[in-house]
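Below: one structure, written as C-alpha cells.
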Ligand code: SF4
Ligand code: SF4
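Numbering (this note's numbering), first residue to last: 2 to 63.
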C-alpha cells in the first residue's frame, strides 16, 4: 500500500523541525511562503516528521 506524509498548510509555520527529522533531505521542501510540502514520490511514510512537528501539521495518509 502506498503511504506518504501530508501537510496541513493552515497549521504549518515553517519551523523546519520536520525537515531536520526526515532521513532524506530531499523529501520535505520549505517554500518562500513558510509552508512545507512533501515530495510524495520520495516519502517512505516512516512517520518521524509527524512526531517532530509540534503543531500537528503533518499526518500519514494510508
Ligand atoms: S515541523 Fe510542522 S510546523 Fe514545522 S515546518 Fe514542519 S510541518 Fe511546518
Ligand atoms: S514520513 Fe518519513 S520519509 Fe516521509 S517526510 Fe516524514 S520523515 Fe520524511
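Think of the CB as a built atom: it goes at the ideal place given N, C-alpha and C, for glycine as much as any other residue.
Any heavy atom of ligand 2 closer than 8 Å to the CB of residue i?
i	result
residue 39	yes
residue 59	yes
residue 25	yes
residue 13	no
I'd like to know whether the C-beta atoms of residue i and residue j end up nearer to each other than 9 Å.
i	j	result
residue 20	residue 44	no
residue 58	residue 8	yes
residue 61	residue 4	yes
residue 31	residue 17	yes
Within the present structure, is the beta-carbon of residue i separated from the nearest heavy atom of ligand 1 by less than 8 Å?
i	result
residue 43	no
Can you pull the DSSP bridge partners for residue i?
i	result
residue 7	60
residue 42	In DSSP, residue 42 forms no bridge with anything.
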